[in-house]
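Asks: Each residue of the sequence shown is one higher than the one before, starting from 1 at the first, in UniProt numbering. For glycine and all other residues, C-beta sits at the position ideal for the given N, C-alpha and C. First, the structure itself, so that you have it in front of you.
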Amino acid sequence: MLELAGIIILGILAQWFAWKFKIPAILPLILIGLFVGPIAAEYLSDDGQKWIEPVWNGEKGLFPGEGLYYFVSLAISVILFEGGLTLKRAEIKSLGPVITKLITVGSAITFFGAGVLAHFVFHLNWELSFLFSALVIVTGPTVITPILRNIPLKKDISTVLKWEGILIDPIGALVAVLVFEFISVGGEGGFTKTALIEFGKILLFGTTFGFTFAHALAFVINKKLIPHYLLNVVSLSTVLLVFVESEIFAHESGLLAVVVMGMVLGNGKLENIKEILYFKESLSVLLISILFILLAANMNMEDLLLLYNWNTVILFAAIVFIIRPLAVFICTTQSTLKINDKLFISWVGPRGIVAAGIASLFGGKLANQGVPGAEYITPLVFMVVLGTVLLNATTARYFAKWIGVFLKHSYGVLIVGASPVARIIAKYLVDNNRHVVLIDSNQYNVKEAQDMGLEAINTDIYSVKLEDNIELNDVGFLMALTGSADINNYAINKFSEQFGENGSFRLLTADEMSKPDSTPKEGLFSHTDDFNSLTEVALKYPVIHEIELKDRKHYEALIEITNNDEDIIPLLVKDNKGILEIISSYSKSMKIEKGFQLVYLGKPFDD
């Protein structure tokens, strides 16, 4: 009981530590596992026992016999199901050729390159070598996001890294599952006709069970046959049922089935998909916290000593400094990315949770089956995971500055609210070469913005996920444009430091407009316009105009006109170089020169 409680407590502490210091959670989790496991047994225990013993050894331990591997299998199935939910067919179609090539051609280069390396460097047989290479294909958003979220980068770079991590997770897991299944059915006799038949059964039952149960679950949820309070637990039990049933019909097909099930549900018309995804994410955090402490603790010092040689350094260096850059440069040959952009993408390739988890599961199973060389799989993959996470977490920011992809000035704009007036302003900013992201909890507003070609996210302003969105790294201006004063105030108070370093603004309330002498410094546009007046003008005159300024007096005269005319609202000032500055109702000292332009919403000024 003490060991199990200790794992949960240590796991959640590791997650908090990772959040606090903005590092991937997998790093402290594995280090804690190694500390309470092989390190404690070797150096800290008088009797040579681990502080946490995952497998029952006759005296102590959490899981008897194969119990640990059953738990790992079920935990990995839930994690992979969540990964499948995030893999959207529409996103793959809309992705640029660079990301598409990275998850296809790039994966193939890593698969064959790392496989050949493992074979000749560690003298593993070809089957195990390609199992290892399949496991190190994946990067994963859970390790990339903490590394990149505090590095201001161009949107192109952060987008490539983000989507590569999201899309390659289930793809890499699927490749690893298929390679392991081929090894399992091949046996000592190699890939015989019987092995090919068994492999076909795995593909058949895995895809059939995943596809069928996904549609069945979607049907009962959409028909409201499951009460809301049972929705998440029924979904979880269905995932476990699919995994177990598929395993019964075709051994080792369960993981394939849950990935397929997640992909089908994620791309179907499921009303409660977001709620299920949020539950699975929370559950995955708990499972990951337990899982990786257990897996690291289950390793022995003998396993770690297998890597205590120069071959390990050669393999790691070749994967990180040769294979990854080779894959990136080949996949970005005809792209608009510059050399320094490609170098940074090549540098950032941390392996993550899926790689480590599946490696422990497959490596342990093959080692128990007596497959020669299988004892290398888990420690080798853990070495790549820890090495790449440590390397990228400690050097990514400095490397970005060194090669010149670190943004010194963040000119992106985050607009809270995607109402019609917010969309009009956003479209103007985008047309003037500003990166703009709108966020709104209203799905209709988000869809309307996306139909206009704008980047919009359907999320709640209170969601912590907003802080982890690495595509907002270049945002330096925050504009709260909702009709709720509470939401606008919350946005300013919560996100000014992260997203509004160059300026945070919100619409004034009716009470604040009645007191022009005490206008708050974050007041937006003018002290006579709130959300209602903006909306009314946008409905009557949904056009943004520009008028050239002669001097400051001309600007002040125009502003005076807007204060007295309900159908004209000043928004921005554009300088001679096309740089836009947001007009604040508080500011009295905005720089104005001849040739600057006043940008405003509403009816045209009378000539």
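(1) Which first and last residues belong to the beta strand (DSSP E) in which N458 is found?
(2) Within a Cβ cutoff of 7 Å, which residues of the same chain sit near V430, ignoring the five residues on either side of it in sequence?
(3) How many angstroms separate the CA atom of W310 from the CA atom of G363?
(4) Pairs of beta-carbons, one from the region 196-213 and one from the region 175-186, closer than 8 Å: are there three or more?
(5) Report the rounded CA-to-CA distance for L361 versus N368, giving the unit in angstroms.
(6) Whose C-beta lies closer than 6 Å to the C-beta of G115 among residues of the same chain, with five residues either side of it excluded?
(7) Which of helix, strand or coil does DSSP assign to G602?
(8) Could you compute how far the alpha carbon of K20 sits from the alpha carbon of N458?
(9) If you draw a straight line from the alpha carbon of D567 to that of Y600, how long is it in whole angstroms?
(10) Could you spell out the range, first to last residue, of the alpha helix (DSSP H) harbouring D451?
(11) What ranges does the alpha helix (DSSP H) occupy inside the region 319-405, keeping only unbroken runs of at least 4 residues that lie completely in it?
(12) Nearest to L508 by alpha carbon, out of G500, E536 and E522?
(13) With distances taken between CB atoms, is the gap from I12 to S346 smaller than 7 Å?
(14) In the DSSP assignment, what are the bridge partners of D440?
(15) Helix, strand or coil: which one does DSSP assign to F525?
(16) Looking at A214 and L291, is the spacing between their C-beta atoms short of 7 Å?
(17) Measuring only the C-alpha atoms, how far is E332 from I99?
(18) Which residue from L466, I353, A318 and T388 puts its Cα closest to that of N150?
(19) Using the Cβ count rule (16 or more neighbours within 10 Å means buried), how would you classify G370?
(20) With distances taken between CB atoms, is the gap from D451 to K155 smaller than 7 Å?
(21) With DSSP collapsed to three states, give me the class of A418.
(22) Comparing alpha-carbon positions, which option in L217, S419, F243 and G412 lies nearest N232?
(23) Can you tell me where the alpha helix (DSSP H) with residue 661 in it begins and where it stops?
(24) With distance defined between alpha-carbon atoms, name the residue in F525, L102 and F120 nearest to L572.
(25) Less than 7 Å separating the beta-carbons of L33 and A317?
(26) Taking 6 Å as the limit between beta carbons, can you name the residues of its chain near V421, skipping five residues before and five after?
(27) For L148 and A396, I'd like the C-alpha separation in whole angstroms.
(28) Give me, in chain order, the residues of the same chain whose beta-carbon lies closer than 7 Å to that of T445; leave out the 5 immediate sequence neighbours on both sides.
(29) Just reading off the alpha helix (DSSP H) that H554 is part of, what are its end residues?
(30) Helix, strand or coil: which one does DSSP assign to L287?
(31) Please determine, among Y43, I26, L29 and K50, the residue with the shortest C-alpha to C-alpha distance to V36.
Replies: According to the structure shown:
(1) E455 to N458
(2) V436 and L454
(3) 22 Å
(4) yes
(5) Each residue's alpha carbon lies about 11 Å from the other.
(6) S129, F130 and S133
(7) strand
(8) 26 Å
(9) 10 Å
(10) Q443 to D451
(11) 324-331, 339-347, 353-368 and 377-403
(12) E522
(13) For I12 and S346, no; Cβs fall outside 7 Å.
(14) Partner(s): N458.
(15) coil
(16) Contact: no.
(17) Checking the sequence shown, residue 332 turns out to be Thr, not Glu. Near 9 Å, if we compare the C-alpha coordinates of I99 and T332.
(18) L466
(19) exposed
(20) no
(21) DSSP, read as helix, strand or coil, puts A418 in coil.
(22) L217
(23) As displayed, the chain neither begins before 1 nor continues past 607, which places residue 661 out of reach and without an answer.
(24) Of the listed residues, the one whose Cα sits closest to L572 is F525.
(25) It is Gly, not Leu, that sits at residue 33 in the sequence shown. No. Outside cutoff.
(26) L534, T535 and A538
(27) 8 Å
(28) This sequence places Asn at residue 445; Thr is not what is there. A418 and S419.
(29) R552 to N564
(30) Three-state result, L287: helix.
(31) In terms of Cα proximity to V36, the closest of Y43, I26, L29 and K50 is K50.
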